Amino acid sequence: MVSNIESVPGETLYRTLHLKTGDRYDVRRIEESLLDITNKLGDLGYAFVNVVPNIKTNPKKQLLI
């Protein structure tokens, strides 16, 4: 995970994810994770953030890479 906000390291946001490598691709969990990251950043004072997912998948196995 990469954060373009210097005062918020990617590791801080990574803890809010509901996904990990090897999980089945699940749109609901991805959307929940994006919302949780947005809310976490809002709690830290960044009200207008743009969270852009960069999701890599294995389409044949329907898994996250």
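My numbering applies: residue 44 is where the sequence shown begins, and numbers increase by one.
C-beta atoms are modelled at their ideal positions from N, C-alpha and C, and glycine is treated no differently.
Treat the numbers as computed from the prediction; the structure is a model and nothing was measured.
Review point. Quick one, which of HIS61, THR59, ILE73 and ARG67 has its alpha-carbon nearest PRO102's?
Key: On the sequence shown, position 59 is the one that residue 102 refers to. Closest by alpha carbon: ARG67.
Exercise for review: Look at the alpha carbon of ILE98 and the alpha carbon of ALA90, and state the distance between them as a whole number of angstroms.
Suggested key: Stepping through the sequence shown from its first residue, residue 98 is reached at position 55. Stepping through the sequence shown from its first residue, residue 90 is reached at position 47. The alpha-carbon atoms of ILE98 and ALA90 are separated by roughly 24 Å.
Point to revise | Segments assigned alpha helix (DSSP H), at least 4 residues, entirely inside the segment 46-82 | key: 53-57
Review point. Hey, out of THR81, VAL45 and THR64, whose CA is closest to THR100's CA?
Key: Residue numbering aside, residue 100 sits at position 57 when the sequence shown is read from its first letter. Nearest C-alpha to THR100: THR64.
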